[in-house]
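Engineer: The letter at position 126 of the sequence shown is residue 193 when you use this note's numbering, and the numbering goes up by one with no holes. In this text, a Cβ means the ideal position worked out from N, Cα and C, and glycines have one as well. This structure is a prediction, so every number in the text was calculated from the model and none was measured. This is the structure I want to talk about, given as structure tokens.
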Amino acid sequence: MIEALRVAALAVIQGVAEFLPISSSGHLVIGREVMGLSEAGMRLDVFLHVGTLVAVFAFYRKVVFRIIAMREWAYALKIVLSAVPVGIVGVLLRHQIEDAFSAPSAVACALFFTGVVLIATKWLRRGTKDVTWLNALVTGLAQAVAILPGISRSGMTISAARTMGISPARAAEFSFLMSAPPIAGAALLDIASSSGADAAGQTPWVFVVLGGVISAAVGFLSLKVLVKTLDSDRFWMFGPYCILAAVVVFLAV
């Protein structure tokens, strides 16, 4: 029962922090340390991320259907292009990135950086542009930077998109649709890596599935919150929270 509650707590953290610009990876590192789940295994990581991927497709189902039905291949290819930088970084620096996930102090520094970037968006003008090929590539580079735990993926990509004049709603839409390829790729890599792992070190399947379902449900609600926040020009207000979280982690470690 205690393990189920801990997994549920991590799933809530994943569902909230994956979409709100506060870094899901950073909060999961901290959450694991606090709850003693540092050895929960890759199986749980895979399902927590798959859960948030399901939330993306559920929330933007009309957009996904439009892309397929109307054959908007250019937009689809821009999404693919945006995933190239993070794919290259993930493959070349996989082991170094994994080491970063075990360093709370590094996460604190990254959270502080995220907070500064988010606060800076307060002075951005509301853009009206659509996603171009150059925008897609630059936003993809921002996503590659956010592969480090503590740097918010949604925070970096939405901030980059808005800096280039993309409208808030379009920036959010593109940011979360472009998360699908790297999330799916990371899940496949984790499955391949854990296929020969000791099952005794993995979270039981019943808890893993529970975590995936919870992260999907909470993630869907978080997406709604974020889109409304962008519409009201309050995106920057997540910055002070990230800085506060960084200070708390610094003091704790």
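Whose CA, out of ASP197, MET231 and ILE97, lies closest to the CA of CYS309?
Structural biologist: Residue mapping note: residue 309 aligns to position 242 of the sequence shown, counting from 1. Comparing Cα-Cα distances from CYS309 to each of ASP197, MET231 and ILE97, the minimum goes to ILE97.
Engineer: Quick one: what's got a C-beta closer than 6 Å to THR230's C-beta in the same chain, skipping five residues either side?
Structural biologist: The residue labelled residue 230 in the question sits at position 163 within the sequence shown. Cβ within range, chain order: n/a, list empty.
Engineer: Let me make sure I understand the geometry here. Which of ALA125, LEU255 and VAL83 has the alpha-carbon closest to that of GLN219?
Structural biologist: Position 152 of the sequence shown holds residue 219. For the sequence presented, residue 219 should be read as Ser rather than Gln. When only C-alpha atoms are compared, the closest one is VAL83.
Engineer: Between the C-alpha atoms of VAL191 and VAL294, what's the straight-line distance to the nearest angstrom?
Structural biologist: What you label residue 191 is simply residue 124 of the sequence shown in a count that begins at 1. What you label residue 294 is simply residue 227 of the sequence shown in a count that begins at 1. Residue 191 is actually Leu in this sequence, not Val. Cα to Cα, LEU191 sits roughly 17 Å from VAL294.
Engineer: Looking at C-beta atoms only, is the number of pairs between the stretch 148-159 and the stretch 198-215 that lie closer than 8 Å three or more?
Structural biologist: Enough Cβ pairs lie closer than 8 Å, so yes.
Engineer: Assuming ILE225 and GLY306 are in contact, meaning their beta carbons sit under 8 Å apart, how far apart are those beta carbons, in whole angstroms?
Structural biologist: By 1-based counting over the sequence shown, the position of residue 225 is 158. By 1-based counting over the sequence shown, the position of residue 306 is 239. Rounded, the Cβ-Cβ distance is 12 Å, inconsistent with contact.
Engineer: Between which two residues does the alpha helix (DSSP H) carrying LEU77 extend?
Structural biologist: Translated into positions along the sequence shown, residue 77 becomes position 10. From DSSP, the alpha helix (DSSP H) with LEU77 extends over 69-84.
Engineer: Determine whether the beta carbon atoms of GLY278 and LEU120 lie at a separation below 9 Å.
Structural biologist: Along the sequence shown, read from residue 1 onward, the residue named residue 278 stands at position 211. Along the sequence shown, read from residue 1 onward, the residue named residue 120 stands at position 53. Result no, Cβ atoms of GLY278 and LEU120 do not sit closer than 9 Å.
Engineer: When DSSP builds the beta bridges, which residues end up paired with ILE233?
Structural biologist: The residue you call residue 233 lines up with position 166 of the sequence shown. According to DSSP, which records beta bridges pairwise, ILE233 is partnered with LYS196.
Engineer: Can you tell me where the alpha helix (DSSP H) with SER149 in it begins and where it stops?
Structural biologist: For the purposes of this step, residue 149 is identified with residue 82 of the sequence shown, where counting begins at 1. Looking at the DSSP string, the run of the alpha helix (DSSP H) that includes SER149 is 140-159.
Engineer: From this set, ALA253, ILE250 and ILE89, which residue's C-alpha is nearest PHE180's C-alpha?
Structural biologist: Locating residue 180 in the sequence shown gives position 113, counting from the first residue. The shortest Cα separation from PHE180 among ALA253, ILE250 and ILE89 belongs to ILE89.
Engineer: What residue range is occupied by the uninterrupted alpha helix (DSSP H) comprising THR296?
Structural biologist: As a first step, residue 296 is located in the sequence shown; it is residue number 229 there, counting from the start. Taken as a continuous stretch (DSSP letters only), the alpha helix (DSSP H) holding THR296 covers 272-298.
Engineer: I need the straight-line Cα distance from GLY52 to ALA236, nearest angstrom please.
Structural biologist: There is no way to answer for residue 52, as the model of the chain reaches only from 68 to 320.
Engineer: Looking only at its own chain, which residues have a Cβ that is under 8 Å from the Cβ of VAL183, when we skip the five neighbours before and after it?
Structural biologist: Position 116 of the sequence shown holds residue 183. Cβ within range, chain order: GLY306 and ILE310.
Engineer: Go through its chain and collect everything with a Cβ distance to SER246's Cβ below 7 Å, but skip five positions before and after it.
Structural biologist: One-based indexing of the sequence shown puts residue 246 at position 179. Excluding residues within five positions, the ones whose Cβ falls inside 7 Å are VAL123 and ARG220.
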